[in-house]
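Just remember that this note's numbering sits 37 ahead of the position in the sequence shown, which is counted from 1.
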Amino acid sequence: MKFPTKDERTPFYFRQQGKPLGKWEQEHRLHVGQPASEHVLESGNIYRIDSTCLEITDESQARMQNVGLLWIICSAFASFSLFYGLLLATSPFRDSEEMMAKNGYWFGTIVGILLGFSSAGFFGLLAFDPMRRNMFTLKRRPIRLNRKTRRIYAIRTKDPGGIWEVPWNHDEFFCVGHRRMGGLSRAYDMYDIRHYQLDASGNVVRAFVLGQFVFTLEEAYAQWEYYRRYMQDGPAGLPEPYRFWAPRETFWEGYKICRGGKFSGAFFTLTDVIFAPFALLDAIARWLVLVTCSDPVWPPEIEAACKPMPNDPYARPYADDYIGVPSGPDARPSREDLARMLDQQQERRKGGALTRAEAEALLRSTTEQTT
38 MKFPTKDERT PFYFRQQGKP LGKWEQEHRL HVGQPASEHV LESGNIYRID STCLEITDES
98 QARMQNVGLL WIICSAFASF SLFYGLLLAT SPFRDSEEMM AKNGYWFGTI VGILLGFSSA
158 GFFGLLAFDP MRRNMFTLKR RPIRLNRKTR RIYAIRTKDP GGIWEVPWNH DEFFCVGHRR
218 MGGLSRAYDM YDIRHYQLDA SGNVVRAFVL GQFVFTLEEA YAQWEYYRRY MQDGPAGLPE
278 PYRFWAPRET FWEGYKICRG GKFSGAFFTL TDVIFAPFAL LDAIARWLVL VTCSDPVWPP
338 EIEAACKPMP NDPYARPYAD DYIGVPSGPD ARPSREDLAR MLDQQQERRK GGALTRAEAE
398 ALLRSTTEQT T
(Lines of atoms letter the chains of each structure in order from A and count residues from 1; the text may use other names and numbers.)
(Lines give C-alpha, C1' and ligand atoms only; values in the text may rest on other atoms or scores of the structure.)
Protein backbone atom coordinates (compact mmCIF):
# COMPACT_ATOMS: atom_id res chain seq x y z
CA MET A 1 0.00 0.00 0.00
CA LYS A 2 1.35 3.41 -0.99
CA PHE A 3 0.99 6.29 1.47
CA PRO A 4 1.33 10.02 0.76
CA THR A 5 4.61 11.61 1.80
CA LYS A 6 4.78 13.62 5.04
CA ASP A 7 4.84 16.94 3.18
CA GLU A 8 1.25 16.34 1.99
CA ARG A 9 -1.15 17.25 4.74
CA THR A 10 -4.04 16.85 2.33
CA PRO A 11 -2.86 14.36 -0.32
CA PHE A 12 -3.06 15.60 -3.88
CA TYR A 13 0.05 14.57 -5.83
CA PHE A 14 1.28 11.23 -4.42
CA ARG A 15 -0.55 9.28 -7.13
CA GLN A 16 1.16 11.48 -9.75
CA GLN A 17 4.65 10.97 -8.34
CA GLY A 18 6.99 9.45 -10.92
CA LYS A 19 4.44 9.99 -13.70
CA PRO A 20 4.03 12.72 -16.34
CA LEU A 21 1.49 15.46 -15.76
CA GLY A 22 -2.00 14.94 -17.09
CA LYS A 23 -3.90 16.79 -19.76
CA TRP A 24 -5.62 19.11 -17.24
CA GLU A 25 -2.35 20.39 -15.78
CA GLN A 26 -0.83 20.94 -19.21
CA GLU A 27 -3.87 22.85 -20.46
CA HIS A 28 -4.08 25.05 -17.35
CA ARG A 29 -0.43 25.95 -16.99
CA LEU A 30 0.31 29.38 -15.52
CA HIS A 31 3.17 31.63 -16.63
CA VAL A 32 4.91 34.17 -14.42
CA GLY A 33 5.18 36.77 -17.19
CA GLN A 34 1.72 36.34 -18.67
CA PRO A 35 -1.54 37.62 -17.09
CA ALA A 36 -4.05 34.86 -16.39
CA SER A 37 -7.01 37.10 -15.60
CA GLU A 38 -8.16 40.71 -15.68
CA HIS A 39 -9.36 40.28 -12.11
CA VAL A 40 -7.25 40.03 -8.95
CA LEU A 41 -8.49 38.14 -5.90
CA GLU A 42 -7.14 37.69 -2.39
CA SER A 43 -9.36 35.14 -0.67
CA GLY A 44 -7.82 35.09 2.80
CA ASN A 45 -4.44 33.33 2.46
CA ILE A 46 -2.04 35.90 3.92
CA TYR A 47 0.06 35.93 7.08
CA ARG A 48 1.88 39.12 6.12
CA ILE A 49 2.77 41.22 3.10
CA ASP A 50 5.31 43.99 2.48
CA SER A 51 7.47 45.31 -0.34
CA THR A 52 9.93 42.42 0.07
CA CYS A 53 7.95 39.32 0.94
CA LEU A 54 4.44 37.88 0.75
CA GLU A 55 3.83 35.08 3.26
CA ILE A 56 0.80 32.87 2.61
CA THR A 57 -0.75 29.63 3.83
CA ASP A 58 -0.75 26.28 2.11
CA GLU A 59 -4.00 24.47 1.31
CA SER A 60 -4.18 22.54 4.59
CA GLN A 61 -4.28 25.44 7.06
CA ALA A 62 -8.06 25.84 7.01
CA ARG A 63 -8.75 22.09 6.90
CA MET A 64 -6.74 20.61 9.78
CA GLN A 65 -9.90 20.01 11.80
CA ASN A 66 -11.06 17.53 9.14
CA VAL A 67 -7.91 15.49 9.65
CA GLY A 68 -8.24 15.67 13.43
CA LEU A 69 -11.87 14.60 13.29
CA LEU A 70 -10.99 11.69 10.99
CA TRP A 71 -8.25 10.63 13.41
CA ILE A 72 -10.63 10.77 16.40
CA ILE A 73 -13.36 8.77 14.64
CA CYS A 74 -10.99 6.13 13.24
CA SER A 75 -9.17 5.80 16.57
CA ALA A 76 -12.48 5.31 18.38
CA PHE A 77 -13.61 2.61 15.93
CA ALA A 78 -10.19 0.92 16.08
CA SER A 79 -10.25 0.90 19.90
CA PHE A 80 -13.80 -0.49 20.02
CA SER A 81 -12.99 -3.19 17.43
CA LEU A 82 -9.82 -4.17 19.29
CA PHE A 83 -11.71 -4.37 22.59
CA TYR A 84 -14.42 -6.47 20.93
CA GLY A 85 -11.83 -8.84 19.43
CA LEU A 86 -10.00 -9.23 22.74
CA LEU A 87 -13.28 -9.81 24.54
CA LEU A 88 -14.14 -12.68 22.20
CA ALA A 89 -10.59 -14.04 22.24
CA THR A 90 -10.70 -14.40 26.03
CA SER A 91 -14.26 -15.77 26.14
CA PRO A 92 -13.15 -19.47 26.17
CA PHE A 93 -11.31 -18.76 29.42
CA ARG A 94 -14.39 -17.18 30.98
CA ASP A 95 -17.33 -19.19 29.64
CA SER A 96 -18.55 -22.44 31.12
CA GLU A 97 -18.11 -25.85 29.45
CA GLU A 98 -21.85 -25.97 28.75
CA MET A 99 -21.67 -22.67 26.88
CA MET A 100 -18.66 -23.76 24.81
CA ALA A 101 -20.37 -27.04 23.94
CA LYS A 102 -23.29 -25.31 22.23
CA ASN A 103 -23.56 -25.56 18.45
CA GLY A 104 -21.98 -22.61 16.65
CA TYR A 105 -20.06 -21.34 19.69
CA TRP A 106 -16.58 -21.82 18.25
CA PHE A 107 -17.59 -20.69 14.76
CA GLY A 108 -19.14 -17.48 16.07
CA THR A 109 -16.20 -16.84 18.37
CA ILE A 110 -13.57 -17.30 15.65
CA VAL A 111 -15.50 -15.19 13.13
CA GLY A 112 -16.01 -12.46 15.75
CA ILE A 113 -12.31 -12.47 16.65
CA LEU A 114 -11.27 -12.20 13.00
CA LEU A 115 -13.83 -9.47 12.36
CA GLY A 116 -12.80 -7.50 15.45
CA PHE A 117 -9.05 -7.65 14.81
CA SER A 118 -9.36 -6.99 11.06
CA SER A 119 -11.63 -3.99 11.75
CA ALA A 120 -9.16 -2.71 14.35
CA GLY A 121 -6.34 -3.03 11.82
CA PHE A 122 -8.35 -1.29 9.09
CA PHE A 123 -9.42 1.68 11.22
CA GLY A 124 -6.01 1.81 12.88
CA LEU A 125 -4.41 2.17 9.46
CA LEU A 126 -6.85 4.94 8.55
CA ALA A 127 -5.99 6.71 11.82
CA PHE A 128 -2.23 6.21 11.44
CA ASP A 129 -1.87 7.82 8.01
CA PRO A 130 -3.36 11.25 8.87
CA MET A 131 -1.57 11.17 12.24
CA ARG A 132 1.76 10.54 10.50
CA ARG A 133 1.27 13.50 8.15
CA ASN A 134 -0.45 15.98 10.46
CA MET A 135 0.43 15.35 14.10
CA PHE A 136 3.82 15.85 15.78
CA THR A 137 4.93 17.95 12.83
CA LEU A 138 4.43 21.68 12.02
CA LYS A 139 1.50 23.80 13.20
CA ARG A 140 1.53 25.65 9.91
CA ARG A 141 3.38 25.33 6.63
CA PRO A 142 3.89 28.89 5.39
CA ILE A 143 5.04 29.81 1.90
CA ARG A 144 7.08 32.96 1.25
CA LEU A 145 7.23 34.71 -2.12
CA ASN A 146 10.29 36.98 -2.10
CA ARG A 147 10.46 39.76 -4.70
CA LYS A 148 14.13 40.57 -4.06
CA THR A 149 15.59 37.08 -4.32
CA ARG A 150 13.00 36.05 -6.96
CA ARG A 151 12.40 32.82 -5.10
CA ILE A 152 9.60 30.98 -3.31
CA TYR A 153 10.38 29.37 0.05
CA ALA A 154 8.04 26.67 1.39
CA ILE A 155 8.31 24.87 4.74
CA ARG A 156 6.91 21.38 4.21
CA THR A 157 8.23 19.34 7.18
CA LYS A 158 10.56 19.88 10.12
CA ASP A 159 12.84 17.10 8.90
CA PRO A 160 16.19 17.85 7.19
CA GLY A 161 15.46 19.04 3.68
CA GLY A 162 11.96 20.09 4.68
CA ILE A 163 12.34 23.63 3.28
CA TRP A 164 11.90 23.83 -0.48
CA GLU A 165 13.16 26.68 -2.67
CA VAL A 166 11.68 27.41 -6.08
CA PRO A 167 12.98 30.04 -8.51
CA TRP A 168 10.42 32.50 -9.81
CA ASN A 169 11.04 32.17 -13.53
CA HIS A 170 9.53 30.97 -16.80
CA ASP A 171 10.98 27.46 -16.51
CA GLU A 172 9.04 26.51 -13.36
CA PHE A 173 5.74 24.69 -13.80
CA PHE A 174 2.79 26.41 -12.12
CA CYS A 175 -0.77 25.43 -12.95
CA VAL A 176 -4.36 25.40 -11.72
CA GLY A 177 -5.10 22.14 -9.95
CA HIS A 178 -8.52 20.47 -9.98
CA ARG A 179 -10.07 18.10 -7.44
CA ARG A 180 -13.40 16.37 -7.31
CA MET A 181 -14.65 16.53 -3.72
CA GLY A 182 -17.34 14.32 -2.24
CA GLY A 183 -20.27 16.13 -0.60
CA LEU A 184 -23.27 15.04 1.47
CA SER A 185 -25.66 15.20 -1.48
CA ARG A 186 -23.40 15.42 -4.55
CA ALA A 187 -19.77 15.86 -5.55
CA TYR A 188 -18.38 19.29 -6.36
CA ASP A 189 -15.25 20.75 -7.96
CA MET A 190 -12.50 22.70 -6.23
CA TYR A 191 -9.44 24.41 -7.67
CA ASP A 192 -6.03 25.47 -6.38
CA ILE A 193 -2.70 26.94 -7.48
CA ARG A 194 0.08 24.35 -7.69
CA HIS A 195 3.79 24.20 -8.35
CA TYR A 196 5.18 20.94 -9.73
CA GLN A 197 8.84 20.02 -9.67
CA LEU A 198 9.56 17.80 -12.68
CA ASP A 199 12.57 15.65 -13.50
CA ALA A 200 14.44 15.65 -16.81
CA SER A 201 11.84 13.27 -18.28
CA GLY A 202 8.91 15.49 -17.27
CA ASN A 203 7.76 13.21 -14.44
CA VAL A 204 6.49 14.59 -11.13
CA VAL A 205 9.05 14.70 -8.31
CA ARG A 206 7.07 16.71 -5.77
CA ALA A 207 4.54 19.54 -5.57
CA PHE A 208 2.88 22.01 -3.23
CA VAL A 209 -0.19 24.24 -3.25
CA LEU A 210 -0.07 28.02 -2.83
CA GLY A 211 -3.03 29.18 -0.75
CA GLN A 212 -6.40 27.59 -0.19
CA PHE A 213 -8.93 25.91 -2.44
CA VAL A 214 -11.46 27.99 -4.36
CA PHE A 215 -14.76 26.96 -5.91
CA THR A 216 -14.43 28.23 -9.49
CA LEU A 217 -11.75 28.25 -12.15
CA GLU A 218 -12.11 32.02 -12.49
CA GLU A 219 -11.33 32.48 -8.78
CA ALA A 220 -8.22 30.34 -9.15
CA TYR A 221 -6.95 32.46 -12.05
CA ALA A 222 -7.69 35.65 -10.09
CA GLN A 223 -5.89 34.27 -7.02
CA TRP A 224 -2.83 33.41 -9.12
CA GLU A 225 -2.93 36.89 -10.60
CA TYR A 226 -2.60 38.30 -7.08
CA TYR A 227 0.63 36.31 -6.53
CA ARG A 228 1.94 37.03 -10.02
CA ARG A 229 1.36 40.79 -9.87
CA TYR A 230 2.94 40.95 -6.44
CA MET A 231 6.11 39.26 -7.68
CA GLN A 232 6.21 41.16 -10.98
CA ASP A 233 4.97 44.62 -9.99
CA GLY A 234 4.96 44.83 -6.19
CA PRO A 235 2.19 45.38 -3.65
CA ALA A 236 1.14 48.90 -4.69
CA GLY A 237 -1.69 48.00 -7.05
CA LEU A 238 -3.08 44.99 -5.20
CA PRO A 239 -6.48 44.89 -3.50
CA GLU A 240 -6.92 44.92 0.26
CA PRO A 241 -6.14 41.51 1.80
CA TYR A 242 -9.35 39.79 2.85
CA ARG A 243 -7.93 38.80 6.24
CA PHE A 244 -4.67 37.90 7.97
CA TRP A 245 -3.91 34.55 9.58
CA ALA A 246 -2.51 34.45 13.09
CA PRO A 247 1.00 32.94 13.24
CA ARG A 248 0.10 31.47 16.64
CA GLU A 249 -3.51 30.39 16.76
CA THR A 250 -5.57 30.23 19.96
CA PHE A 251 -8.38 27.75 20.56
CA TRP A 252 -11.08 30.38 19.97
CA GLU A 253 -9.42 31.57 16.77
CA GLY A 254 -9.56 27.97 15.63
CA TYR A 255 -13.23 27.86 16.61
CA LYS A 256 -13.91 30.89 14.38
CA ILE A 257 -12.18 29.13 11.48
CA CYS A 258 -14.29 26.02 12.03
CA ARG A 259 -17.43 28.11 12.36
CA GLY A 260 -16.79 29.45 8.89
CA GLY A 261 -16.87 33.19 9.47
CA LYS A 262 -19.23 35.71 11.01
CA PHE A 263 -22.95 36.04 10.45
CA SER A 264 -25.43 38.82 11.07
CA GLY A 265 -29.19 38.82 11.25
CA ALA A 266 -31.67 36.63 13.14
CA PHE A 267 -31.63 33.77 10.64
CA PHE A 268 -27.87 33.39 10.68
CA THR A 269 -27.74 33.77 14.45
CA LEU A 270 -30.18 30.86 14.74
CA THR A 271 -28.06 28.86 12.30
CA ASP A 272 -25.00 29.63 14.41
CA VAL A 273 -26.73 28.28 17.50
CA ILE A 274 -27.80 25.08 15.73
CA PHE A 275 -24.37 24.34 14.30
CA ALA A 276 -22.31 25.60 17.26
CA PRO A 277 -21.84 22.09 18.79
CA PHE A 278 -20.52 20.76 15.47
CA ALA A 279 -18.17 23.73 15.11
CA LEU A 280 -16.99 23.16 18.68
CA LEU A 281 -16.26 19.50 17.89
CA ASP A 282 -14.28 20.60 14.83
CA ALA A 283 -12.40 23.16 16.95
CA ILE A 284 -11.46 20.47 19.49
CA ALA A 285 -10.20 18.25 16.67
CA ARG A 286 -8.22 21.18 15.23
CA TRP A 287 -6.74 21.98 18.64
CA LEU A 288 -5.77 18.32 19.10
CA VAL A 289 -3.75 18.46 15.89
CA LEU A 290 -2.11 21.81 16.70
CA VAL A 291 -1.22 21.00 20.31
CA THR A 292 0.98 18.09 19.19
CA CYS A 293 2.87 20.24 16.66
CA SER A 294 5.59 22.87 16.84
CA ASP A 295 5.99 26.28 15.21
CA PRO A 296 7.94 26.46 11.93
CA VAL A 297 11.41 27.98 12.13
CA TRP A 298 12.98 29.63 9.11
CA PRO A 299 16.76 29.47 8.64
CA PRO A 300 18.55 32.75 9.49
CA GLU A 301 19.48 33.41 5.85
CA ILE A 302 15.83 33.19 4.72
CA GLU A 303 14.67 35.35 7.64
CA ALA A 304 17.25 37.97 6.69
CA ALA A 305 16.24 37.85 3.01
CA CYS A 306 12.55 38.27 3.90
CA LYS A 307 12.95 41.04 6.48
CA PRO A 308 10.74 44.05 5.67
CA MET A 309 12.25 47.46 5.10
CA PRO A 310 11.84 50.06 7.89
CA ASN A 311 8.75 52.28 7.58
CA ASP A 312 7.42 50.29 4.64
CA PRO A 313 3.89 51.66 4.04
CA TYR A 314 2.90 48.38 2.36
CA ALA A 315 3.88 46.25 5.35
CA ARG A 316 0.76 44.51 6.65
CA PRO A 317 -0.78 43.70 9.00
CA TYR A 318 -0.75 47.23 10.34
CA ALA A 319 -0.46 47.81 14.05
CA ASP A 320 -4.24 48.37 14.15
CA ASP A 321 -5.24 45.55 11.76
CA TYR A 322 -7.46 42.72 12.96
CA ILE A 323 -6.12 39.17 12.81
CA GLY A 324 -8.26 36.18 11.91
CA VAL A 325 -11.29 38.19 10.75
CA PRO A 326 -11.91 40.35 7.66
CA SER A 327 -9.95 43.59 8.03
CA GLY A 328 -9.92 46.94 6.28
CA PRO A 329 -12.44 49.82 6.24
CA ASP A 330 -15.44 47.47 5.98
CA ALA A 331 -14.39 45.23 8.88
CA ARG A 332 -17.04 44.18 11.40
CA PRO A 333 -15.02 42.75 14.28
CA SER A 334 -16.48 41.49 17.52
CA ARG A 335 -15.63 42.99 20.91
CA GLU A 336 -13.16 40.15 21.44
CA ASP A 337 -11.45 40.94 18.12
CA LEU A 338 -11.21 44.62 19.04
CA ALA A 339 -9.77 43.82 22.48
CA ARG A 340 -7.21 41.46 20.99
CA MET A 341 -6.13 44.05 18.41
CA LEU A 342 -5.63 46.67 21.13
CA ASP A 343 -3.63 44.19 23.22
CA GLN A 344 -1.33 43.38 20.30
CA GLN A 345 -1.02 46.91 18.96
CA GLN A 346 1.85 47.93 21.24
CA GLU A 347 3.75 44.73 20.52
CA ARG A 348 3.39 45.29 16.78
CA ARG A 349 4.50 48.90 17.18
CA LYS A 350 7.68 47.70 18.88
CA GLY A 351 8.27 45.46 15.87
CA GLY A 352 8.14 48.48 13.57
CA ALA A 353 4.56 48.17 12.30
CA LEU A 354 2.79 51.36 11.23
CA THR A 355 -0.85 52.14 11.83
CA ARG A 356 -3.17 52.41 8.83
CA ALA A 357 -3.29 56.21 9.18
CA GLU A 358 0.52 56.47 9.32
CA ALA A 359 0.95 54.24 6.26
CA GLU A 360 -1.61 56.20 4.24
CA ALA A 361 0.03 59.50 5.23
CA LEU A 362 3.43 58.14 4.19
CA LEU A 363 2.04 57.04 0.82
CA ARG A 364 0.49 60.48 0.24
CA SER A 365 3.76 62.16 1.11
CA THR A 366 5.68 59.89 -1.27
CA THR A 367 3.18 60.56 -4.06
CA GLU A 368 3.40 64.34 -3.57
CA GLN A 369 7.20 64.24 -3.70
CA THR A 370 7.22 62.33 -6.99
CA THR A 371 4.64 64.57 -8.73
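Quick reminder that beta carbons are idealized off the backbone N, C-alpha and C, glycines included.
Check whether residue i and residue j have beta carbons under 7 Å apart
i: V213; j: H232; result: no
i: T392; j: D357; result: yes
i: A115; j: G161; result: yes
i: A73; j: Y258; result: yes
i: P57; j: N183; result: no
i: V326; j: N171; result: yes
i: Q260; j: A99; result: no
i: W201; j: R188; result: no
i: Y359; j: D374; result: yes
i: F40; j: D229; result: no
i: W282; j: T94; result: yes
Inter-residue spacing [alpha-carbon to alpha-carbon] between residue i and residue j
i: I339; j: L67; result: 26 Å
i: Y267; j: R369; result: 27 Å
i: V251; j: D226; result: 9 Å
i: G297; j: R285; result: 19 Å
i: I109; j: I311; result: 22 Å
i: P129; j: G145; result: 12 Å
i: G361; j: R131; result: 57 Å
i: V246; j: P347; result: 31 Å
i: Y50; j: S133; result: 56 Å
i: Q406; j: L400; result: 10 Å
i: A303; j: E290; result: Note that A303 has pLDDT 45, beneath the 50 cutoff, so the model's placement of it is unreliable and no number is given.
i: P272; j: A396; result: 13 Å
i: A316; j: T253; result: 25 Å
i: V328; j: P179; result: 18 Å
Cβ shell of residue i (< 6 Å), same chain only, five flanking positions each side left out
i: L175; result: K195, C330, P333
i: I150; result: G122, L125, A126
i: A352; result: D87, P345
i: L91; result: L182, Y267
i: K43; result: R170, T194
i: Y292; result: A320
Residue i (DSSP reduced to helix, strand or coil)
i: A237; result: coil
i: E45; result: coil
i: L119; result: helix
i: M218; result: strand
i: F300; result: The predicted position of F300 is uncertain, since its pLDDT is 48 and thus under 50; no value can be drawn from it.
i: D226; result: strand
i: V104; result: helix
i: L78; result: coil
i: L254; result: helix
i: V148; result: helix
i: R323; result: helix
i: N430; result: With the chain represented from 38 up to 408, any question about residue 430 goes unanswered, as that position is not in the structure.
i: F51; result: coil
i: L391; result: coil
i: V69; result: coil
i: Q98; result: coil
i: A341; result: helix
i: W335; result: coil
Beta-carbon contacts of residue i that lie in its chain and below 8 Å, excluding the five residues immediately before and after
i: G70; result: H207, Q269
i: L106; result: L318, D319, A322
i: S301; result: Confidence is the limiting factor: at S301 the pLDDT is only 44, short of 50, which leaves the residue's position unreliable and the question unanswerable from this model.
i: S80; result: G248, Q249, V251, E256, Q260, Y279
Cutoff 7 Å; reference residue i; Cβ partners in own chain excluding five residues on either side
i: D236; result: V242
i: V77; result: A259, E262, Y263, R266, L275, P276
i: H215; result: W61, D226, Y228
i: A164; result: W108, C111, S112, A115
Distance cut-off 6 Å: residue i Cβ against heavy atoms of the ligand NAP
i: L400; result: Inclusion of the ligand NAP in the displayed structure is not the case, the ligand content being empty and no account of it being possible.
Supposed close pair residue i, residue j - CB separation, criterion 8 Å
i: G141; j: S118; result: Contact flag wrong, Cβ pair sits at about 22 Å.
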